[in-house]
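Chemist: Numbering (our numbering), first residue to last: 170 to 678. Note that CB positions come from ideal geometry on N, CA and C, so glycine has one too.
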Ligand code: BES
Ligand code: MN
Ligand code: ZN
């Protein structure tokens, strides 16, 4: 993919709102709500999620009966596909279980149900979905992301493509409804953009190319773009980014993207780890699973996409993304365990393990970001395997200054990205003391690896800045099977958290 196609590529279906079915529709996705467990009617049937008058009584009854014959229960996660009963203008019906009435009101449940439906509909024409009757934003985002595919590297396109159009049923096509849909799709497209970056293989996405593509998407969104190349990094004293990048023939970059609306009252700095491939360097990683390290720029992808979205949503907040990009390779020019580097701003660091490289490039970027005197700073990174040991593959760790950390974690849970607050135990700090330099980049033990990595970063965050660090080592990349609206590969986490925090700051300060 070139810089041009990362802008022009359609990353999801065209999504529209409708009030009824038409003859051109191919598949009806309909929500199914399970009868309550406390229901005193033992033969109670699940309820179809429909808008008034979407189906006439005869068609609704026929569908109800067909679903009963197939034992469709409305259980959460259940998907039942059937040929449309007579009287419906579509070819297929997909009934997606939403669980109980209460569960059917949970946005993330709707998003996952929409995703499950769209993941299974390759080859279908226009899809109409009633999930929007429960939650328009969630139905739009789940459908868009469920239909996301990354086929750029297949020599022949798949015989059956994901649906190109999704119609979401709403009671009325008001201005408000259309505005809600537009915002939902901008956010989903930002998630898909981050997925595109992560899914692009590391031979094609190296620091120089990543910077060029960031420039392309940033300029297209009206952002101010600044790129420091290796010479500018040298001149500026960015020792962390240079140290990590020096083992690769493909030199590092620092990208800065700024969105600064004149009406903004608050300023937010975003920082994202952009290691385009992490071999570990001289402290080389084992071969098994090393391909996962193609996702080591997931934090960078997320902050670039979130900044683009802030502009497209016209959020009332100033945002600057500071994005360090480097490839961590072993070679005769690579940094050695035992080297001492000088971070941007002057702090010296003894590099005891070249595989703890993320914190080195982030430290430079954080110091640079703080020079702009932001009110808040959020950094996000695929920083530690310890994140996955602590929280599993789907739950980001959120650390930082207490109040802002809790705000970011709460918002992350609200948008369905599940970020969970974690502490920074102060007794771990002295384990980062170095024999020769101001700091060492690792502790000499493996306990609390996500927490000590954050304590390292804390040394570089300016006083008074509300700070959150989001570790997405596992959540940025789905190495398992597809689920909900998440395919294999790049997930786009934590883009929705970042955008929602920016919106929250725009609204509340
Ligand atoms: N990029 C890795 C962290 C990672 C591991 C991300 C697995 C996604 C999946 C990071 O640079 C790293 O290598 N961290 C080391 C730190 C250690 C040397 C202190 C780790 O977690 O093992
Ligand atoms: Mn590493
Ligand atoms: Zn890494």
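#1: Would residue 519 be called buried (16 or more neighbouring beta carbons within 10 Å of its own) or exposed?
#2: Just to confirm, does residue 462 get its C-beta within under 7 angstroms of one of the non-hydrogen atoms of the ligand BES?
#3: Taking the alpha-carbon positions, what's the residue 570 to residue 632 distance?
#4: So, helix, strand or coil for residue 313, using DSSP?
#5: Counting by C-beta, which residues lie closer than 5 angstroms to a heavy atom of the ligand ZN, in chain order?
#6: So, is residue 191 buried or exposed, given that buried needs 16 or more other C-beta atoms within 10 angstroms?
#7: Could you check what DSSP says for residue 170 in three-state terms: helix, strand or coil?
#8: Which partner residues does residue 569 have in the DSSP bridge list?
#9: Report yes if the C-beta of residue 552 is less than 7 angstroms from at least one heavy atom of the ligand BES; otherwise report no.
#10: Between residue 640 and the ligand MN, is there a pair consisting of the residue's CB and a ligand heavy atom that are separated by less than 7 angstroms?
#11: Straight-line CA distance for residue 387 to residue 370?
#12: Near residue 510, what residues of its chain come up, given a Cβ to Cβ distance below 8 angstroms and the 5 sequence neighbours on each side ignored?
#13: According to DSSP, which residues form a beta bridge with residue 424?
#14: Is residue 596 helix, strand or coil by DSSP?
#15: If you reduce the DSSP assignment to three classes, tell me which class residue 321 lands in.
#16: With 16 as the cutoff for other CB atoms within 10 Å, does residue 247 come out buried or exposed?
#17: Among 232, 321, 301 and 322, which has the Cα closest to the Cα of residue 313?
#18: So for residue 610, helix, strand or coil by DSSP?
#19: Quick one: is residue 636 buried, meaning 16 or more other Cβ sit within 10 Å of its Cβ, or exposed?
#20: Let me check you understand the geometry: is the CB of residue 524 closer than 7 angstroms to at least one non-hydrogen atom of the ligand BES?
#21: Going by the C-beta, is residue 610 closer than 7 angstroms to any heavy atom of the ligand MN?
#22: Do residue 441 and residue 360 have their CB atoms nearer than 8 angstroms?
#23: In three-state terms, what does DSSP make of residue 630?
#24: Taking DSSP's pairing of strands, which residues face residue 336 in a bridge?
#25: For the alpha helix (DSSP H) that residue 218 lies in, which residues bound it at each end?
#26: Drop a sphere of 10 angstroms on the beta-carbon of residue 678, count the other beta-carbons inside from all chains shown, and report buried for 16 or more, exposed for fewer.
#27: Does the separation of the CB atoms of residue 642 and residue 552 fall below 8 angstroms?
#28: Is residue 449 near the ligand BES, in the sense that its beta carbon is under 7 angstroms from a heavy atom of that ligand?
#29: On a CA-only basis, which of 620, 549, 601 and 616 is nearest residue 464? Give me that one, please.
#30: State the DSSP-derived secondary structure class of residue 546, mapped to helix, strand or coil.
#31: Pick from 675, 180 and 610: whose alpha carbon is nearest that of residue 366?
#32: Which residues bound the beta strand (DSSP E) around residue 265?
#33: Just grab the DSSP bridge partners of residue 202 for me.
#34: Taking the CB atoms as reference points, tell me whether residue 309 and residue 357 lie closer together than 8 angstroms.
#35: Provide the residue(s) that pair with residue 509 in DSSP beta bridges, ordered along the chain.
#36: Does at least one heavy atom of the ligand BES sit under 7 angstroms from the Cβ of residue 438?
Modeler: Let me spell this out:
#1: What you label residue 519 is simply residue 350 of the chain shown in a count that begins at 1. Residue 519 comes out buried.
#2: Stepping through the chain shown from its first residue, residue 462 is reached at position 293. Flag set: Cβ of residue 462 near the ligand BES.
#3: To locate residue 570, count along the chain shown from 1; it is residue 401. To locate residue 632, count along the chain shown from 1; it is residue 463. Going from the Cα of residue 570 to the Cα of residue 632 covers about 10 angstroms.
#4: By 1-based counting over the chain shown, the position of residue 313 is 144. Helix.
#5: 444, 447, 465 and 527
#6: The residue given as residue 191 occupies position 22 in the chain shown. That one is exposed.
#7: For the purposes of this step, residue 170 is taken as residue 1 along the chain shown, with counting starting at 1. Residue 170 falls in the coil class under three-state DSSP.
#8: The residue given as residue 569 occupies position 400 in the chain shown. Bridge partners of residue 569: 637.
#9: Here residue 552 refers to the residue found at position 383 of the chain shown. Yes, the beta carbon of residue 552 sits closer than 7 angstroms to at least one heavy atom of the ligand BES.
#10: Position 471 of the chain shown, counted from the start, is the residue given in the question as residue 640. No, the beta carbon of residue 640 sits no closer than 7 angstroms to any heavy atom of the ligand MN.
#11: Along the chain shown, read from residue 1 onward, the residue named residue 387 stands at position 218. Along the chain shown, read from residue 1 onward, the residue named residue 370 stands at position 201. Their backbone Cα atoms lie some 21 angstroms apart in a straight line.
#12: Taking the first residue of the chain shown as position 1, residue 510 is located at position 341. Excluding residues within five positions, the ones whose Cβ falls inside 8 angstroms are 408, 409, 411, 412, 504, 517, 518, 520 and 529.
#13: Position 255 of the chain shown, counted from the start, is the residue given in the question as residue 424. For residue 424, which the question treats as bridged, DSSP gives the partners 396 and 492.
#14: Locating residue 596 in the chain shown gives position 427, where the first residue counts as 1. Residue state, collapsed to three classes: helix.
#15: Within the chain shown, residue 321 is the residue found at index 152, counting from 1. Reduced to three states, the DSSP call for residue 321 is coil.
#16: As a position in the chain shown, residue 247 is number 78, starting the count at 1. So residue 247 counts as buried.
#17: Within the chain shown, the letter at position 144 stands for residue 313. It is 301.
#18: Mapped onto the chain shown, residue 610 falls at position 441. Coil.
#19: For this step, residue 636 is matched to residue 467 along the chain shown. Label assigned to residue 636: buried.
#20: Counting from one through the chain shown, the residue named residue 524 turns up at place 355. Yes - the ligand BES has a heavy atom lying nearer than 7 angstroms to the Cβ of residue 524.
#21: Position 441 of the chain shown, counted from the start, is the residue given in the question as residue 610. Residue 610: no, Cβ never under 7 angstroms from the ligand MN.
#22: Indexing the chain shown from 1 puts residue 441 at position 272. Indexing the chain shown from 1 puts residue 360 at position 191. No. Outside cutoff.
#23: Taking the chain shown and counting its residues from 1, the one referred to as residue 630 is at position 461. Coil.
#24: In the chain shown, counting from the first residue as 1, residue 336 sits at position 167. Looking at the DSSP assignment, residue 336 forms a beta bridge with 185 and 297.
#25: The residue labelled residue 218 in the question sits at position 49 within the chain shown. Counting along the chain, residue 218 falls outside any alpha helix (DSSP H), though it belongs to the beta strand (DSSP E) covering 216–218.
#26: Position 509 of the chain shown holds residue 678. With fewer than 16 Cβ atoms within 10 Å of its Cβ, residue 678 is classed as exposed.
#27: On the chain shown, position 473 is the one that residue 642 refers to. On the chain shown, position 383 is the one that residue 552 refers to. Yes, the Cβ-Cβ distance between residue 642 and residue 552 is below 8 angstroms.
#28: For the purposes of this step, residue 449 is taken as residue 280 along the chain shown, with counting starting at 1. The answer is yes for residue 449.
#29: Position 295 of the chain shown, counting from 1, holds the residue named residue 464. Of the listed residues, the one whose Cα sits closest to residue 464 is 549.
#30: Locating residue 546 in the chain shown gives position 377, counting from the first residue. Strand, per DSSP.
#31: Position 197 of the chain shown, counting from 1, holds the residue named residue 366. Looking at the Cα atoms, 180 is the closest of the given residues.
#32: Along the chain shown, one-based indexing puts residue 265 at 96. Here the beta strand (DSSP E) through residue 265 covers 261–266.
#33: If you number the chain shown from 1, residue 202 lands on position 33. 216, per the DSSP bridge assignment.
#34: The count along the chain shown starts at 1 and reaches residue 309 at position 140. The count along the chain shown starts at 1 and reaches residue 357 at position 188. Yes, they are a contact pair.
#35: Within the chain shown, numbered from 1, the residue matching residue 509 stands at position 340. Partner(s): 519.
#36: Translated into positions along the chain shown, residue 438 becomes position 269. Because no heavy atom of the ligand BES lies under 7 angstroms away, the Cβ of residue 438 does not count as near it: no.
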